[in-house]
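Colleague:
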Amino acid sequence: MAPHALLIPLPAQGHVNPMMQLAWKLVSHGFFVTFLNSDSNHNRILTANTPNSFFDNIRMISVPVEIPPIDTLKGINENGIEALAKDMGPSVIDRVIKEINAREEENKVTCIIADVWMCFGLQPVATLHKLPLAAFHTSPVSLFAMRYLVPIWSRLASFILMELQRKIKK
79 MAPHALLIPL
89 PAQGHVNPMM
99 QLAWKLVSHG
109 FFVTFLNSDS
119 NHNRILTANT
129 PNSFFDNIRM
139 ISVPVEIPPI
149 DTLKGINENG
159 IEALAKDMGP
169 SVIDRVIKEI
179 NAREEENKVT
189 CIIADVWMCF
199 GLQPVATLHK
209 LPLAAFHTSP
219 VSLFAMRYLV
229 PIWSRLASFI
239 LMELQRKIKK
């Protein structure tokens, strides 16, 4: 029995393709992958000019997601986050896992890999189904590092400046 990963990308440009690349890599290492997507992205992928072998060991499934239009410079707004939480949130993921596992006697889901922006509230679902949950960061590692290190560097710089000012006053 091959490991079966449920992949959940953020249904936005720049997130689906890296998650699909991860799916191919997992398949090349013996995994079966279920790729959960929004209906609009799902249809776009299925109607693209792709060979049938593209989907070997990758099952494409979708759910309706009503995300308001995304400003590519500002990202998803508050309404979009609410729509994602409702349309692709924990209750939907729980239902999807139950449906897959009821249908697949030999190939039940063995892990969840979600876009880092889609992990909200999924840990209880993963725990309920006794599945490991991994967050996948689809942005470049430099952006990931900057997002988490800049605040640290900023605090460190403030500390150094305060120490220098203190020494100058002496």
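In our numbering, the protein residues as written are 79 to 248.
Where is the CB? At the ideal position from N, CA and C, for every residue including glycine.
Since the structure is predicted, the reported quantities are computational estimates derived from the model, not experimental observations.
Which same chain residues end up closer than 8 Å to Met166 when comparing Cβ atoms and leaving out the 5 residues on each side of it in sequence?
Modeller: Ile86, Pro89, Leu114, Ser116, Val141, Val143, Met196
Colleague: Can you find the residues in the same chain that come closer than 8 Å, C-beta to C-beta, to Ser220, ignoring five residues on each side of it along the sequence?
Modeller: The beta carbon of Ser220 is closer than 8 Å to none in its chain, skipping five residues each way along the sequence.
Colleague: Report yes if the CB atom of Leu211 is closer than 7 Å to the CB atom of Gln201, and no otherwise.
Modeller: Yes. Within cutoff.
Colleague: Quick one: give me the first and last residue of the beta strand (DSSP E) that Ala74 is part of.
Modeller: For residue 74 there is no data in the structure shown, the boundaries of the chain being 79 and 248.
Colleague: In terms of DSSP beta bridges, what is Met138 paired with?
Modeller: Answer by DSSP bridge pairing, in chain order: Phe113.
Colleague: What distance in whole Å lies between the Cβ atoms of Thr112 and His82, which are believed to be in contact at a cut-off of 8 Å?
Modeller: 7 Å
Colleague: Leaving out the 5 sequence neighbours to the left and right, which residues in its chain are closer than 6 Å to Val194 when beta-carbon positions are compared?
Modeller: Ala213, His215
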